[in-house]
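Numbering (the numbering used here), first residue to last: 5 to 254.
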């Protein structure tokens, strides 16, 4: 059995509401990135489950053996399990998790969906066009200060990205773009303008493409990609609370 780092373990809070929230982390990250959001939702009485996506929480070599279909199947399975305990289940995804949450809303009868820093377009798409076809891993090249900050925050994230798995993510985002018009349920889109990874045009493209009658796009001015640990998190939490409190009607 693969050894999961203790910082990357999935977590769950039982709620006293008819609504549960499925939290989906980003590529190469872990549920730890969703814990600030999970703790907030717990205090508001919502049921919370944060799953660990396949290939994550162990070592990059395990992630290299997975693809978007593998990640999506895990999300869908968890969603169906939660649906046995809650009348409504709202997928809330960050980065890759946002792509998965949106795709889930196409494939399943979700009542609402929340999408945080959704990578439909990257800042530097050309970076991911490999000059060396034999390259298997890309280094994130984090500074010592970044690594220390992540450790202090209790985060778990790979330092290397398996190229094969990331190419599957790129394929997935292109597929999702063709499916966005099928989304008609209420959607909350949050995007930071200072995201160094995701091109902010992703949020406007998403907002314009979905056919929901109730949809909202919230811009953050200062936060970086990992908005769940930013100074603007209180604003994000407030917007999520308002969105969840409304009925799920389109």
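Quick reminder that beta carbons are idealized off the backbone N, C-alpha and C, glycines included. Because the structure is a prediction, the values reported are computed rather than measured.
Option in the options with minimal Cα separation from residue i
i: residue 228; options: 51, 207 and 236; result: 236
i: residue 221; options: 231, 156, 114 and 208; result: 208
i: residue 69; options: 204, 96, 167 and 52; result: 167
i: residue 78; options: 26, 249, 191 and 45; result: 26
i: residue 32; options: 71, 156 and 242; result: 71
i: residue 241; options: 192, 158 and 206; result: 192
i: residue 190; options: 51, 95 and 153; result: 95
i: residue 7; options: 20, 56 and 30; result: 56
i: residue 225; options: 12, 195 and 22; result: 195
i: residue 45; options: 109, 128, 16 and 30; result: 16
As assigned by DSSP and simplified to three states, the class of residue i
i: residue 114; result: coil
i: residue 24; result: strand
i: residue 195; result: strand
i: residue 56; result: coil
i: residue 8; result: coil
i: residue 258; result: There is simply no residue 258 to check, as the chain begins at 5 and stops at 254 in what is shown.
i: residue 51; result: strand
Test: residue i CB closer than 8 Å to a CB of chain D
i: residue 85; result: No chain D appears in the structure shown, which is made up of a single protein chain.
Cα-Cα separation, residue i to residue j
i: residue 102; j: residue 122; result: 5 Å
i: residue 38; j: residue 139; result: 31 Å
i: residue 160; j: residue 201; result: 18 Å
i: residue 178; j: residue 58; result: 21 Å
Opposing strand residues paired with residue i [DSSP bridges]
i: residue 97; result: 28 and 119
i: residue 165; result: 142
Distance between beta carbons of residue j and residue i, contact taken as under 8 Å
i: residue 184; j: residue 214; result: 5 Å
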